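Working notes, beginning with the structure itself.
There are 2 protein chains.
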Amino acid sequence: MRVTITDIAKRAKVSPSTVSRVIADNPRISAATKEKVLRIMKEMNYHPNIIARSLVNQTTKIIGVVMPGMAEQSLQHPFYPELLGGIASMANNQGYKILLANVSTVDEEREMVKELTFGGITEGIILLTSRDDNPTVDQLVKNGFPFVVIGRTENPYVNWVDNDNFLIGYQLATHFIEQGHQEIAFLGYSPGYMVTRDRLNGYKKALQEHNIPFDPALVIESKFISDNGYDLMKQILVKEKRPTGVIACDDLLAFGAIRAIHEAGLRVPEDIAVAGINNVPLADYYNPPLTSVKINAFSLGTKAFEMLRTIMGSEIQSYNRAIIPAELVVRSSTQR
Amino acid sequence: MRVTITDIAKRAKVSPSTVSRVIADNPRISAATKEKVLRIMKEMNYHPNIIARSLVNQTTKIIGVVMPGMAEQSLQHPFYPELLGGIASMANNQGYKILLANVSTVDEEREMVKELTFGGITEGIILLTSRDDNPTVDQLVKNGFPFVVIGRTENPYVNWVDNDNFLIGYQLATHFIEQGHQEIAFLGYSPGYMVTRDRLNGYKKALQEHNIPFDPALVIESKFISDNGYDLMKQILVKEKRPTGVIACDDLLAFGAIRAIHEAGLRVPEDIAVAGINNVPLADYYNPPLTSVKINAFSLGTKAFEMLRTIMGSEIQSYNRAIIPAELVVRSSTQR
DNA sequence: TATAAGCGGACAAACGTTTGCATTGAGGGT
DNA sequence: ACCCTCAATGCAAACGTTTGTCCGCTTATA
């Protein structure tokens, strides 16, 4: 049997309310009794029951983090844990805990979000998603629960945090063009994901600014992160018009692509230059070291939490967006 | 204002207890009222308050997962998220949620665990640790809270799940020896971590069985995962007696080592064979593809949860251990 | 017909807190 | 000596559930 506030009260010969006020450090309690109660609390190894406390003051100090398909390969990507780390570190600082919900299907996601919003256990939600047709988001908007999405969302009523993926695509393409490339493949476009769409658009913009015609044949679609770049790159290498540069939507894709290029007897960057996105730890150690874009996932996480706190704490409705700067990291894989 | 069970009761002209029993699908409620109440619940968009429920029946369906230094680089390692995914998927199936606690310091860990155990919010804890002098573990043992550690622990009163790291070291070394190697370096030994100690011992055993003298100079210490293998490998390459094989305690270390070897103008595996541990996704795509050991982190997670459930559900005290088999994956980096 | 049995539902206590308000007692001003 | 004030503490309601017990009604049994 756990020791409760009344046990303390009895032992200290005061009322439970007094004990409660001691815990809250209420100034109306005299120093003498405060000290006595505290001593007894130590003696009996008392710890307040968070559930009971939550019930009365309707606040749990818990936020929910909903991630898609943790069971799948996607979570093996270093991006997720770094993001999670950002959220967690900020949350910790402010005395919040994180309820982690991993969902595999859309239905599961909807059900989980429903439970988290109405169950009274979380005060706010951070949702990881980059698919743009997300019914969960609409649902959250509808019932006015505080939430922040990581990943740009077109629904105007949502608060989100993201990198500027358009700019990322633009900067990468510009970098290639400045290095003298004209035929630049775009690897890993995935129509359902806004991330890749934005990046592709940025890429197009850069081409346009330099009067390079856009060639749809150079865009290779894939199921976002999961597909491996090796196979995708092979698709490119068999084409008659071989590109001299490859922008991959993810470093892992880029690694696969480089391997395919090597196998074809070509060199990186001399024959084909390759860049990835996300700047995974290995990018720097790969052979050749891979040009990439540092996404600052950790900051993405801290910012998301900060935004969520703002929303939860404020009476006035508002819709916020935050852009976390990404930075191009040029390495040998794109430098002659 | 959230809609409560009494709101439903009023509207349905029944008592709150009846509504509660409808939710619990209690057979004492007639089909007619059950149907009526359910309809009204839908209409009013009712969802039970989990906090209140938890308070009365002393069960939250939440388990805590305590990870060290999420804020640090360690969590970027694919191992953690895969493990987390295993825990989460199993937890989800059984209607449990996960409270994620990331702690940066030992003090923080102790404080967090105290809160989780006494706060009444979690029913059990999974602790990730591989340091063997862990005061948190002793604390948990002392107050009899159900918990499982991921990582072998010497304290006899703890339940744990782990790979057989001794066997992993043994198998890797044997593999090298069978390939004709005699001078095999061991990269990434970290005295504070049982996992690397076990692996080193397995390695020694294999040497001994083949009458190869153990040479301490071939063991390169490092701060577990964080150090990069590139620098460590350089330390080896300057030595007069160059090994022909390298066992790295982690794939990331191995990648760095390979890079250093290449830079020194040597080839893998012809001049020096290299193997890692953990079998990260990239191991298969690296150049050359890296021999590694599949750790099955996902199973580690599911098993840990399963064990925790067993402990929580059982009255009788018992101390359980589980070994998740690891499997050697031989690739070109160690094959002539 | 009287009564036991059984069904469906209501009542109220309990879970461990917090908090507005009431109560008590001491001290000070008149 | 009286009242007022104020400080320190106690009382009890409330948060939203669950659940043991009791009650009234119907139906079957003797």
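Chains as they are written, first to last, in the working numbering: chain A, 1 to 336; chain B, 1001 to 1336.
Beta carbons are placed, not taken as given, at the ideal position from N, Cα and C, and that holds for glycine.
Keep in mind it's a predicted model, so treat the numbers as computed, not measured.
- In the displayed model, R1309 (chain B) falls within a helix according to three-state DSSP.
- Short of 8 Å from the beta carbon of L200 (chain A), and not among the five residues preceding or following it, lie these beta carbons of its own chain, in chain order: G169, F186, Y189, V219.
- Annotation: N296 (chain A) has no Cβ neighbours in chain B at a cutoff of 9 Å; minimum Cβ distance is about 13 Å.
- Under a 10 Å Cβ-count criterion, P1243 (chain B) is classified as buried, with 16 or more other Cβ atoms of the shown protein chains found around its own Cβ.
- In this structure, DSSP gives G1256 (chain B) a helical state, which the three-state scheme calls helix.
- Closest option to T153 (chain A), judged by alpha-carbon separation, among A:R321, A:L253, A:T4, A:V103: A:R321.
- Residue pairing from DSSP leaves G1085 (chain B) without any beta-bridge partner.
- Taking all protein chains shown into account, F147 (chain A) has 16 or more neighbouring C-beta atoms within 10 Å of its C-beta and is therefore buried.
- Spatial neighbours of R1331 (chain B) in its own chain (CB-CB distance under 8 Å, excluding positions within 5 residues in sequence) are listed in chain order as A1283, D1284, P1288, P1289, L1290, T1291, S1292.
- Taking 7 Å as the upper bound on Cβ-Cβ separation, chain A lies near residues L1099, L1100, A1101, N1102 of the segment 1099-1112 of chain B.
- Using a CB distance below 7 Å, the part of the segment 1277-1296 of chain B facing chain A consists of P1281, L1282, Y1285, N1287, ordered along the chain.
- Residue contact with chain B for I126 (chain A): absent (no Cβ-Cβ distance below 8 Å to any residue of chain B).
- Taking C-alpha positions only, Q171 (chain A) is separated from D133 (chain A) by approximately 27 Å.
- Between the segment 1088-1095 of chain B and the segment 1301-1310 of chain B, the count of Cβ pairs shorter than 8 Å is three or higher; the stretches touch.
- Note: N1163 (chain B) is bridge-paired with B:I1324 in the DSSP secondary-structure output.
- The shortest CA-to-CA distance from D251 (chain A) to any of A:Y230, A:H175, A:T310 is the one to A:Y230.
- Sequence-distant Cβ neighbours of Q139 (chain A) in its own chain, meaning closer than 7 Å and more than five residues away, are R110, V113.
- In the assembly as shown, V1137 (chain B) is a buried residue. Its beta-carbon has 16 or more other beta-carbons within 10 Å.
- For H47 (chain A), a Cβ of chain B is located within less than 8 Å of the residue's own Cβ.
- Look at T1105 (chain B) here: in three-state DSSP terms it is coil, with no helix or strand label.
- Taking a C-beta distance under 8 Å as the contact criterion, T1334 (chain B) and Q1182 (chain B) do not qualify as a contact pair.
- DSSP links R131 (chain A) through a beta bridge to A:Y193.
- Residue-level contact by beta carbon fails for F145 (chain A) and chain B, as no gap is shorter than 8 Å.
- Within chain A, the residues whose beta carbon sits less than 8 Å from that of R1002 (chain B) are F118, G120, listed in sequence order.
- With a threshold of 8 Å between beta carbons, A24 (chain A) makes no contact with chain B.
- Within chain B, the residues L1282, Y1285, Y1286 have their CB atoms less than 8 Å from the CB of F255 (chain A), given in chain order.
- If you look at V293 (chain A), you'll find it in the beta strand (DSSP E) that goes 292-294.
- Listed in chain order, the non-local C-beta contacts of K97 (chain A) below 6 Å within the same chain comprise I62, local neighbours out to five positions each way being set aside.
- Proximity of R1259 (chain B) to chain A, defined by a Cβ-Cβ separation below 8 Å, is satisfied.
- Under the 8 Å criterion on CB atoms, I50 (chain A) is classed as interfacial with respect to chain B.
- Taking a contact as a CB-CB distance under 8 Å, the pair P16 (chain A) and I5 (chain A) counts as one, their CB atoms being some 5 Å apart.
- The residue among A:D198, A:R2, A:I324, A:G202 with its C-alpha nearest the C-alpha of I1121 (chain B) is A:R2.
- Distance from the CA atom of V1238 (chain B) to the CA atom of K223 (chain A), rounded to whole angstroms, is 45 Å.
- In this structure, DSSP gives V3 (chain A) a state outside helix and strand, which the three-state scheme calls coil.
- Within the same chain, and ignoring the five residues on either side of N228 (chain A) in sequence, the residues whose Cβ sits closer than 8 Å to its Cβ are L252, L253, G256.
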